[in-house]
Amino acid sequence: MVLDKIARLLSQTIGLDPDIASPNQIARSAETRRVKCKLPDLESYWARLQTSATEL
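In the working numbering, the protein residues as written are 27 to 82.
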């Protein structure tokens, strides 16, 4: 699932503790950023996260 990948990436890169940030919080944040980036789906946002240092 894309949200699991996003959560793992955030944990590895910025030290986000998955015990503090709930899956719902991560999902809402990812969806908010996806919309602001004008991307069609979370898979596209996942690709953006992997290639954009500024997005992290």
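Note that CB positions come from ideal geometry on N, CA and C, so glycine has one too.
> How many Å lie between Ala79 and Leu65 at the Cα?
Replying inline: For the purposes of this step, residue 79 is taken as the residue at position 53 of the sequence shown. For the purposes of this step, residue 65 is taken as the residue at position 39 of the sequence shown. Each residue's Cα considered, the two are about 17 Å apart.
>> Which residue marks the beginning of the alpha helix (DSSP H) containing Leu75, and which one marks its end?
In response: Walking along the sequence shown from the start, residue 75 turns up at place 49. Counting along the chain, the alpha helix (DSSP H) containing Leu75 begins and ends at 68 to 77.
> Can the beta-carbon of Leu29 be found closer than 9 Å to that of Ile46?
Replying inline: If you number the sequence shown from 1, residue 29 lands on position 3. If you number the sequence shown from 1, residue 46 lands on position 20. Not closer than 9 Å, so no.
> Grouping DSSP H, G and I as helix and E and B as strand, with all else coil, what is Lys64?
Replying inline: As a working mapping, residue 64 is identified with position 38 in the sequence shown. If DSSP states are grouped into helix, strand and coil, Lys64 belongs with coil.
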